[in-house]
Amino acid sequence: MTYFLTIVAPDVLPDLSHVINGQIKITTLSENRAVDIPISEPMSKAQIDTLRERLFCDIFITSAKNRKKKLFLADMDSTIVASETLDELAGFAGVKDKVSAITARSMAGEIDFETSLRERVALLEGMQSSHMQTILDQTELNDGAEILLKTLKAQGVYTVLISGGFTFYTESIAAKIGFDAHHGNVLEIFNGQLSGKVVPPILGPDAKLSYLQQYVQKLGLTADDVLAVGDGANDRFMLERAALGVGYAPKPLLQEILLNQIHYTDLTSLLYAQGYNDQEIYDIE
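Under this note's numbering, think of the first position of the sequence shown as 75, with each following residue one higher.
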């Protein structure tokens, strides 16, 4: 089976002569920025990590089989958007430091997601729900998110935004950049105030995996057809199940287990990792 080593630079590709055999045919995906190199066997995680650190580039290993995926699942907070919306919301309650500390422990896998979510939301009891819109207005997309979605949609890929955050945000972000579907948790609100509770069931790591499996079945696909991206422990099961599971600025837990990670570049690298070239990538300008 053929595999591809894809190298994506944040600016300009470095000299690759020490990486590749001169007889190997290199395919340029983006001039001076991204290349595909065919390899007969996948590299080990240690080899990938070493190469990433040596080149200061993002490195991807993919199989030639079903390389361009048909289903895309994405985490929202700190992946599609730049912030943790719950942490930002906590700022209005004067408890951002407390909530952020719990978030960090959850993302690192130190406490289970459901417990961490309940603890964080409880600290927001009594907050005016209008602050949710304020945070939404301030929320920014991560670089490459819009290009990624428009390109995948143009290729007929089914796209799902799936978050341990809240549907108030997933609904708006999904509509803004064109996700086909979205899933998240629901904040309980009474008389314009947050009750400090989440409406069950809570969407956590098991639910993310379950949604992946449901969409695969619904669309008549297999796990080989799935691309997924996320940054924290809550995404682990989803990323491990997808044929191409990528950590975006991943927390240490994911850094330790995932082959494919984005550290130096933006979300458009998910396209290069599937063999897309610049002629196939949507130009939002």
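Ideal Cβ positions, reconstructed from N, Cα and C, are used throughout, including at glycine. As the structure is a prediction and not an experimental result, all values here were calculated from the model.
If you check the beta carbons only, do S190 and I176 fall under 8 angstroms apart? yes
So the alpha helix (DSSP H) A196 belongs to, where does it begin and stop? F187 to A196
Rounded to whole angstroms, what is the Cα-Cα separation between S104 and I111? 13 angstroms
Terminal residues of the alpha helix (DSSP H) in which T173 lies: It is worth fixing the name first, because residue 173 is Val in this sequence and not Thr. That run of the alpha helix (DSSP H) goes K170 to M181.
Taking DSSP's pairing of strands, which residues face L145 in a bridge? Looking at the DSSP assignment, L145 forms a beta bridge with Y232 and V300.
Pairwise C-alpha distance: L223 and F253: Computed Cα separation, rounded: 7 angstroms.
Please tell me whether, using a cut-off of 7 angstroms, the distance from the CB of A196 to the nearest non-hydrogen atom of the ligand SAH is below it. Absence of the ligand SAH is noted for the structure shown, with no ligands found whatsoever.
Please classify D299 as buried or exposed, where buried requires at least 16 neighbouring CB atoms within 10 angstroms. When all chains shown are included, D299 counts as buried.
Does the distance from the C-beta atom of G200 to that of L268 stay below 8 angstroms? Between G200 and L268, the C-beta spacing is below 8 angstroms.
Buried or exposed for P274, going by 16 or more other Cβ atoms inside 10 Å? exposed
Going by alpha carbons, who is nearest to Y350 out of A317, A228 and A182? A228
C-beta neighbour in chain C for D357, strict 8 angstroms: In the displayed structure, chain C is absent; only one protein chain is listed.
Sub-8 angstroms separation of Q329 and G319 beta-carbons: no
Per the contact definition of three or more C-beta pairs closer than 8 angstroms, is the segment 335 to 344 in contact with the segment 131 to 138? With the cut-off at 8 angstroms, the segment 131 to 138 and the segment 335 to 344 touch.
Quick test of your reading: A297 and E214, contact by CB under 8 angstroms. State the CB separation rounded to the nearest angstrom. Contact flag wrong, Cβ pair sits at about 32 angstroms.
Which runs of the alpha helix (DSSP H) spanning at least 4 residues fall entirely within the segment 300 to 349, listed in chain order? As far as the segment 300 to 349 is concerned, its whole alpha helix (DSSP H) runs of at least 4 residues are 310 to 315, 326 to 331 and 343 to 346.
Close Cβ partners of V82 (< 7 angstroms) along its chain, the five nearest in sequence each way excluded: R107, A108, C131, D132, T339, S343 and Y346
Return the first residue and the last residue of the alpha helix (DSSP H) that F78 is part of. Run containing F78: none in the alpha helix (DSSP H); it sits in the beta strand (DSSP E), Y77 to V82.
State the Cα-Cα distance for the pair D151 and K99, rounded to the nearest angstrom. 38 angstroms
Neighbourhood of I185 by C-beta distance below 7 angstroms, restricted to the same chain and skipping five residues each side: R179
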